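The sequence shown begins at 400 in the numbering used here and counts up one residue at a time. Before any comments, here is the structure.
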Amino acid sequence: MVTEARTRWTNWGGTYSCSPTRIESPTSEEEIVAIVRAAAERGEHVKVIGSGHSFSDIGCTDGCLIRLDRYNKVLDVDRDAATMTAQAGITILELSDALAHFGLAMENMGDVGYQTISGAISTATHGTGERFRNLSSQVVALSVVLAHGDVLRCSPDLDPEAFKAAQVSLGAFGVLSTVTLRCVPAYNIHSVQEPRRIDELLDQFDELCKQNDHFEFFWFPHTEWAQAITNTRTEEAPPANLRRTGFGAYVNDILLENHAFGMIQRAAQVRRTWIPGLAAITARTMSRKEMTDRSDRIFANTRLVRFAEMEYAVPRSQLIAAVRDIRAMIERKRLLISFPVEVRAVAADDIPLSPAYARDTGYIAVHVYHRFEYEPYFREVEAIMNAHEGRPHWGKLHFQTAATLRPRYPLWDRFIAVRDRLDPGRVFGNAYLERVLGPST
Ligand SMILES: Cc1cc2nc3c(=O)[nH]c(=O)nc-3n(C[C@H](O)[C@H](O)[C@H](O)COP(=O)(O)OP(=O)(O)OC[C@H]3O[C@@H](n4cnc5c(N)ncnc54)[C@H](O)[C@@H]3O)c2cc1C
Numbered sequence: 400m401v402t403e404a405r406t407r408w409t410n411w412g413g414t415y416s417c418s419p420t421r422i423e424s425p426t427s428e429e430e431i432v433a434i435v436r437a438a439a440e441r442g443e444h445v446k447v448i449g450s451g452h453s454f455s456d457i458g459c460t461d462g463c464l465i466r467l468d469r470y471n472k473v474l475d476v477d478r479d480a481a482t483m484t485a486q487a488g489i490t491i492l493e494l495s496d497a498l499a500h501f502g503l504a505m506e507n508m509g510d511v512g513y514q515t516i517s518g519a520i521s522t523a524t525h526g527t528g529e530r531f532r533n534l535s536s537q538v539v540a541l542s543v544v545l546a547h548g549d550v551l552r553c554s555p556d557l558d559p560e561a562f563k564a565a566q567v568s569l570g571a572f573g574v575l576s577t578v579t580l581r582c583v584p585a586y587n588i589h590s591v592q593e594p595r596r597i598d599e600l601l602d603q604f605d606e607l608c609k610q611n612d613h614f615e616f617f618w619f620p621h622t623e624w625a626q627a628i629t630n631t632r633t634e635e636a637p638p639a640n641l642r643r644t645g646f647g648a649y650v651n652d653i654l655l656e657n658h659a660f661g662m663i664q665r666a667a668q669v670r671r672t673w674i675p676g677l678a679a680i681t682a683r684t685m686s687r688k689e690m691t692d693r694s695d696r697i698f699a700n701t702r703l704v705r706f707a708e709m710e711y712a713v714p715r716s717q718l719i720a721a722v723r724d725i726r727a728m729i730e731r732k733r734l735l736i737s738f739p740v741e742v743r744a745v746a747a748d749d750i751p752l753s754p755a756y757a758r759d760t761g762y763i764a765v766h767v768y769h770r771f772e773y774e775p776y777f778r779e780v781e782a783i784m785n786a787h788e789g790r791p792h793w794g795k796l797h798f799q800t801a802a803t804l805r806p807r808y809p810l811w812d813r814f815i816a817v818r819d820r821l822d823p824g825r826v827f828g829n830a831y832l833e834r835v836l837g838p839s840t
């Protein structure tokens, strides 16, 4: 175990930082138990941080911060049952690589793989695909170190009430120690990215989601253009010239989407009024790309340009209207937006605090370059999302409180009851949880 004295911690997007009393890096469950017990005895709050890829202050603490980057091993793989159990600090990239050795893969992923599995499930991280649910739905068992050092093991058969709530827990119950995932046989993805007119995509979105395993698009404000991404699952081996890992992929992904995009953002910083012109240049440089590779290599992109993000889940039936409202609002308010709007679809699930609980869901994500202020834009977008029954992504920026969130989640009170049972003293509380789950009584 490594203990660091008080140091400042900042998240990936640079949107939040905090000064914990200490940062602990355990290597075993026993060490996690000892850290939690000692912190509770000192009367300190405890928070775990994964890869710090949440944009909100959900992982911040003025108490003891536990980092799990040395607690990241695969513990068990059951090929017949297609399950894998890992220590909670393993990243999705590490986990996917380990699964590939056993001919397995995650059923679906988000668009990067830097997150830890525990951080990803704690905030209901998702990918796209109307037949696929979020990553938390792939969890079949969990162990959680509770406030006094007891270890809760839960699954659909073992304390099912706690299990369902813990599938998306916002880090509110304790330290997730081990995570067991249901996996699928390894598969490749054939990916086509191409510029398309936004009006066409909005008109055809439902059809495109139905016809394709994983469909999404990025619309560039101030232009008529979007980059559409169609990912199709296949067992066919990738032809050498269509692999993402080759030189062509480096030029496409790293140079065009990241370095060139970064230059455009820096130019926008010089003069904001250049943004519509720069957006037009970006739209013109988008081209058709096609590649086939192992699923995780296609899903997980590199993100070199930092940004702040808000994302909302709305009922699928309201998704396109909500995108049109954002488009109209940007024009009406004459906002200058240099980052694209991302639109995805996922299947309904049965997890109490999942934004996709009990409804097929469309996700809309808005971003700003990390050096620009996000609040005016995000508040306008949030007002639109409120009108469309939106539920915010827990790891991204939003301005909701327990009072505005509770009516949006039918099983809210059951989640709070599990929290009261597992962490009555709010050892795992912080300012974010006070705000979104309600003040401790
Ligand atoms: C570039 C980028 C791309 C992204 N792409 C997507 C995407 O495609 N889809 C999507 O849905 N989201 C996406 N996100 C958001 C991201 O997936 C979530 O914010 C996720 O929670 C980050 O994981 P993390 O390991 O960094 O967790 P952190 O941000 O470090 O922590 C998140 C929360 O989980 C808690 N936590 C972490 N580990 C544990 C544990 N072991 N026990 C208890 N609590 C724990 C923390 O306390 C905190 O409350 C993206 C973020 C970035 C920066």
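By construction, the Cβ of each residue, glycine as well, lies at the ideal position given by its N, Cα and C atoms. Because the structure is a prediction, the values reported are computed rather than measured.
Environment of residue i [buried if 16+ CB atoms lie within 10 Å]
i    : result
P754 : buried
L541 : buried
I491 : buried
M690 : buried
E529 : buried
A682 : buried
D819 : exposed
P775 : exposed
M685 : buried
A485 : buried
S418 : exposed
D748 : buried
G842 : Here the chain covers residues 400 to 840 and nothing more, so residue 842 does not appear.
T800 : exposed
T629 : buried
K609 : exposed
D724 : buried
R441 : exposed
Identity of the residue in the options nearest residue i by Cα
i    : options                : result
R478 : Q603, A585, R778       : A585
I815 : S839, S416, I422       : S839
Y415 : N630, K795, A802       : K795
A546 : F572, T524, F698, G502 : F572
M505 : T522, S521, V476       : V476
A712 : I763, Q592, H621, T631 : I763
M728 : G761, D749, N829, V765 : V765
Q626 : P823, L735, S590, W408 : S590
D812 : I783, E560, D759, V745 : E560
L498 : L836, F604, A481       : A481
V445 : F616, T420, N471, L607 : T420
S694 : A439, R705, E635       : E635
A439 : L569, G488, C463       : C463
L810 : D724, L836, I588, Q610 : L836
M784 : A720, R834, R805       : A720
G518 : L575, L494, P555, E599 : L575
S737 : R441, I663, N829, N700 : I663
Cβ separation of residue i and residue j, assumed to be a contact under 8 Å, to the nearest whole Å
i    : j    : result
H769 : G413 : 5 Å
F531 : A707 : Not confirmed; about 27 Å, so no contact.
G456 : Y831 : The amino acid occupying residue 456 in the given sequence is Asp; Gly does not appear at that position. Indeed, because the Cβ distance is near 5 Å, the residues count as touching under 8 Å.
L474 : C582 : Not confirmed; about 14 Å, so no contact.
L821 : L557 : So it is not a contact: roughly 14 Å between Cβ atoms.
E779 : K732 : 6 Å
T631 : N611 : 6 Å
F616 : V742 : 5 Å
Close beta carbons around residue i, own chain, < 6 Å, minus the five adjacent residues each side
i    : result
S424 : V401, R466, R469
V740 : W618, V765
G761 : V713, R715, L718, A744
L735 : R671, I674
G548 : V432, V435, R436
H792 : E710
R758 : P714, A747
G526 : N507, M508, G509
Chain-order list of residues whose beta-carbon lies under 7 Å from that of residue i (same chain, five-residue window excluded)
i    : result
F501 : V476, R478
A666 : W673, L677
Q514 : G449, S450, H452, T490, I491, T524
F777 : M709, V765, L796
Strand pairing of residue i, partner residues [DSSP]
i    : result
I763 : Y711, V742
L464 : I422, K446
S542 : R552, T577
N630 : S590, H613
L503 : P584
F706 : Y768
Proximal residues to residue i (C-beta, below 8 Å), its chain only, five neighbours per side dropped
i    : result
A679 : H621, T622
H658 : L703
W624 : P594, R595, R596, I597, W618, A682, M685
C553 : A540, L541, S542, V543, P559, A561, F562, A565
V669 : none
E788 : V713, P714, Q717, R807
Cβ of residue i within 8 Å of any chain D Cβ
i    : result
L541 : In the structure shown, chain D cannot be found, because there is only a single protein chain.
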